[in-house]
Amino acid sequence: MRDHDADVIIAGAGMAGTTLALALASAGVKALLVDPQPFDTQLAESFDGRSSAIAYSSFRQWRAIGAGEALAPHAQRIEQILVTDGKTPGPAAGGPSPFFLRFDSSEIADRSEGEPLGYLIENRQIRAALAQTVIDKGIEVLAPVGAKGLDV
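Numbered by my numbering, the letters in the sequence shown go through residues 568 to 719 in order.
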């Protein structure tokens, strides 16, 4: 096995690991990503069928570390959020709860640039954009490799 030189070793090259590696790289810290899954599987169209609601501040972070441009075409703005107790409406369930929380981006005082509350993005688009940005930035990825220990 060859030696690798890195300031930080990140176990896991999913959304959190790649985001951390890109943030560290933008600060001049050399990161090494280690993942048991082949890295290029994240680029496949069928990789992950779920979606995530991403807070506006997290999307700003992705912009700052170079992944925002690739994600923007796939991001749907979240302008309103309604939080309920999840009860099914109707007489058998006792009807809907009168209690809920409502958030509206137009009610935020400091919205000078028309920011949404967040974005809804398919996970496969997030993973593909982050993986491609990692490749473009030349961050070293060891995959498929599992992290079992560390010798210093």
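Beta carbons: idealized from backbone N, C-alpha and C, even for Gly.
*asked:* Considering only the alpha carbon of each residue, which of Thr700, Gln692 and Asp677 lies closest to Ala642?
replied: Closest by alpha carbon: Gln692.
*Which partner residues does Ile645 have in the DSSP bridge list?*
Looking at the DSSP output, Ile645 shares a beta bridge with Gly685.
*Can Gly685 and Ala620 be called in contact, C-beta distance under 8 Å?*
Taking a C-beta distance under 8 Å as the contact criterion, Gly685 and Ala620 qualify as a contact pair.
*Identify the residues that DSSP records as bridge partners of Arg669: which are they?*
Arg669 is bridged by DSSP to Leu649.
*asked:* For Leu668, tell me which candidate among Pro605, Thr651 and Asp677 has the shortest Cα-Cα distance.
replied: It is Thr651.
_Beta-carbon proximity check, Ile648 vs Phe670, cutoff 8 Å_ = Between Ile648 and Phe670, the C-beta spacing is below 8 Å.
_Pair within 8 Å by beta-carbon distance, Ala723 and Ala578_ = Look at the range of the chain in this structure, 568 to 719, and you will see that residue 723 is not part of it.
*Using the Cα positions of Ile702 and Leu587, report the straight-line distance between them to the nearest angstrom.*
When rounded, the distance between both Cα atoms is 14 Å.
*Looking at the structure shown, is Ser619 part of a helix, part of a strand, or coil, going by DSSP?*
The DSSP-derived three-state label of Ser619 is strand.
_I need the straight-line Cα distance from Gly584 to Ala598, nearest angstrom please._
Going by the C-alpha atoms only, they are around 10 Å apart.
*Looking at the unbroken alpha helix (DSSP H) that takes in Leu591, where does it start and where does it end?*
Per DSSP, Leu591 belongs to the alpha helix (DSSP H) from Met582 to Ser593.
*Count the other CB atoms within 10 Å of the CB of Gly717; is the residue buried (16 or more) or exposed (fewer)?*
It should be pointed out that residue 717 corresponds to Leu in this sequence rather than to Gly. Exposed, by the Cβ-count rule.
*Given a threshold of 16 other Cβ atoms within 10 Å of its Cβ, counted over all protein chains shown, does Ala594 qualify as buried or as exposed?*
Classification for Ala594: exposed.
*Spatial neighbours of Ser535 within its chain, please: CB distance less than 7 Å, with the 5 preceding and 5 following residues excluded, ordered by chain position.*
One cannot answer for residue 535 here, as it falls past the ends of the chain, which runs 568 to 719.
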